[in-house]
Structures are given as C-alpha cells and as structure tokens.
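Our numbering numbers the first residue of the sequence shown as 2 and each following residue consecutively. Notes follow the structure.
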Amino acid sequence: MTWRGSTTIGDRLLACLPYILPLVNVLGFGSYLFATFPVLMTLLIPFFPLLFLYFNIVGTIPYGELILFFALFLLVVRNYKIKHFIRYNTMQSLLLSIFLSLCQWTLRLLGFPLAVIPDGSFNSNLLIDIISTTIFLGFFGSIVYSIVETIRGNYAEIPVVSEATYTQIR
Numbered sequence: 002m003t004w005r006g007s008t009t010i011g012d013r014l015l016a017c018l019p020y021i022l023p024l025v026n027v028l029g030f031g032s033y034l035f036a037t038f039p040v041l042m043t044l045l046i047p048f049f050p051l052l053f054l055y056f057n058i059v060g061t062i063p064y065g066e067l068i069l070f071f072a073l074f075l076l077v078v079r080n081y082k083i084k085h086f087i088r089y090n091t092m093q094s095l096l097l098s099i100f101l102s103l104c105q106w107t108l109r110l111l112g113f114p115l116a117v118i119p120d121g122s123f124n125s126n127l128l129i130d131i132i133s134t135t136i137f138l139g140f141f142g143s144i145v146y147s148i149v150e151t152i153r154g155n156y157a158e159i160p161v162v163s164e165a166t167y168t169q170i171r
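What follows is the structure, given as structure tokens:
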C-alpha cells in the first residue's frame, strides 16, 4: 500500500463514488446467479441509493455513461489539484469498468448474449452461466474490496488493475 498523506472522511466517501460505474456494469453478469438465488440480491441493498441516483441521472441522458466516463477521466484523474487518493480510486474504477466492457464485448463476439435484467426465465447454456457468474464474482469481489479499503483509508491493491492505475496516476 502506498502512503500519500492523510485522508479525511469526505475524501474517502468521494473516492468510493466512482465505483458505482463498474458496479452497474457487472450486474448484467450476475443475472443468472440472482435468478437462481434471489436471496443474493440482499448483497446489493447497501448500494440501492447510489444505483437509484445513477439510473435516474445518468440513465436518462443519451450516452450518459460515456459522458460520465470521460468526465471522470478528464476532470478528476487528470486534475492534479485533486488529492492522489481520489484520483487513484477514480482511475481504478474506470479501469475495472473498461475490463468489464472488454469481457462483455468478447462474450458477444463469441455469440454469448448476456441478460441484463434477471427474470428467472432466460434460457442459456451451462457454459455461459459459468463464465458470467465467474466474471460477476471476480469483479463484484474486487469492487467491494476496493470500496472497503477506500473507506478504511487504504489504497486497494488489485494485482493487474493497480499496476495499470499507477502508470496513469503520477
């Protein structure tokens, strides 16, 4: 972990907010898991207020997610007046979002459609269920780990993602 000065509670909360972007992107991968085990939806209860705000603000704007992505990158990550802790976590959340998009596009290129809304009735094969559940669990665990470490005031170290983050943040 890197020590770059102290962080306040406000800094920690601001650094957690960008993780809503990969969280929204990973929910489609968990649709099979949530349809099979509806009780797992309780894991998302702490995130419901943020998800509600995200879908009502960003979801109503055409290309809202793309605009938010570039706004975070250009206005937060590249702004050296903002604390390193906030810039680091913002860049890490953007990289998680990019990796999730790459997974999604790779699966689509291979001919595996992903259900976005779990309704318990979609029919798919076992292979795509295993792949999407594995992607969901890996990324959801990384996102929750990052949020917990950020709230604690620590830099979340995710092996490949953190190294790429450090190359973008000086």
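Glycine is no exception: its CB is placed at the ideal position from the N, C-alpha and C atoms. Bear in mind the structure is a predicted one, so any value in this text is a computation, not a measurement.
Which residue marks the beginning of the alpha helix (DSSP H) containing residue i, and which one marks its end?
| i | result |
| --- | --- |
| residue 165 | 160 to 169 |
| residue 89 | 85 to 110 |
| residue 62 | Per DSSP, residue 62 belongs to no alpha helix (DSSP H) and is neither H nor E. |
| residue 31 | Per DSSP, residue 31 belongs to no alpha helix (DSSP H) and is neither H nor E. |
| residue 133 | 127 to 153 |
| residue 13 | 10 to 17 |
| residue 58 | 49 to 58 |
Please name the residue, chosen from the options, that lies closest to residue i on a Cα-to-Cα basis.
| i | options | result |
| --- | --- | --- |
| residue 131 | 22, 18, 25 and 31 | 31 |
| residue 89 | 7, 70, 167 and 8 | 167 |
| residue 169 | 80, 104 and 143 | 80 |
| residue 47 | 68, 57 and 18 | 18 |
How would you call residue i, buried or exposed, if buried means at least 16 neighbouring beta carbons within 10 angstroms?
| i | result |
| --- | --- |
| residue 78 | buried |
| residue 149 | exposed |
| residue 55 | buried |
| residue 26 | buried |
| residue 16 | buried |
| residue 21 | buried |
| residue 35 | buried |
| residue 14 | exposed |
Taking 8 Å as the cut-off, does the region 145 to 164 touch the region 87 to 106 (at least 3 CB pairs, one atom from each stretch)? Flag = yes, the region 87 to 106 and the region 145 to 164 touch.
Taking 8 Å as the cut-off, does the region 104 to 112 touch the region 150 to 158 (at least 3 CB pairs, one atom from each stretch)? Segments in contact, no.
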